[in-house]
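In the working numbering, the protein residues as written are 27 to 166. Glycine is no exception: its CB is placed at the ideal position from the N, C-alpha and C atoms. Keep in mind it's a predicted model, so treat the numbers as computed, not measured.
See the structure below:
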């Protein structure tokens, strides 16, 4: 449900400039490139992040995040959203940290706001959607 209240999206990748998207009305626009038309991939990324499905979930607890590339992640994807009107909390964020490739395929990941510190593996196709398709504008 929080995806409906999303208003900003940031993508940070090692060795590449950060990208920031903001919702303007019904459209998502790349900040700093206002001539760029609607970026439906940003809208889809918010939806995908809200419905995130891991291929494997591992309990992490007090694990060493460096082993999984999560102390200094390869990429960080952060969505900002407003809380539902009936909530007393203010704006929130959901931060996905992407680590190194996982044994058996996919990529280690975790949600920074997850107090249970779960470690999970995302399918490579999901990672590709987040990192590649979001960063590249649609061909016109």
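May I have the straight-line CA-CA distance separating residue i from residue j, to the nearest angstrom?
| i | j | result |
| --- | --- | --- |
| residue 158 | residue 77 | 19 Å |
| residue 93 | residue 117 | 32 Å |
| residue 165 | residue 89 | With a pLDDT of only 49 at residue 165, under the threshold of 50, the placement of this residue in the model should not be trusted; the figure read from the coordinates follows. Roughly 42 Å separates the two Cα atoms. |
| residue 144 | residue 138 | 9 Å |
| residue 52 | residue 44 | 23 Å |
| residue 162 | residue 73 | 18 Å |
Under 8 Å, do residue i and residue j count as touching if we go by C-beta distance?
| i | j | result |
| --- | --- | --- |
| residue 103 | residue 122 | yes |
| residue 58 | residue 108 | no |
Between which two residues does the beta strand (DSSP E) carrying residue i extend?
| i | result |
| --- | --- |
| residue 50 | 42-50 |
| residue 105 | 101-107 |
| residue 121 | 118-127 |
| residue 53 | 53-56 |
Kindly indicate if chain D contains any beta-carbon less than 8 Å away from that of residue i.
| i | result |
| --- | --- |
| residue 74 | Note that chain D does not occur in the displayed structure, where there is just one protein chain. |
Can you give me the start and stop residues for the alpha helix (DSSP H) that residue i sits inside?
| i | result |
| --- | --- |
| residue 67 | 66-76 |
| residue 154 | 150-154 |
With H, G and I counted as helix, E and B as strand and the rest as coil, what does DSSP make of residue i?
| i | result |
| --- | --- |
| residue 136 | strand |
| residue 31 | helix |
| residue 36 | strand |
| residue 160 | coil |
Quick one: measure Cβ to Cβ for residue i and residue j, integer angstroms, because I've assumed they're closer than 8 Å.
| i | j | result |
| --- | --- | --- |
| residue 35 | residue 71 | 6 Å |
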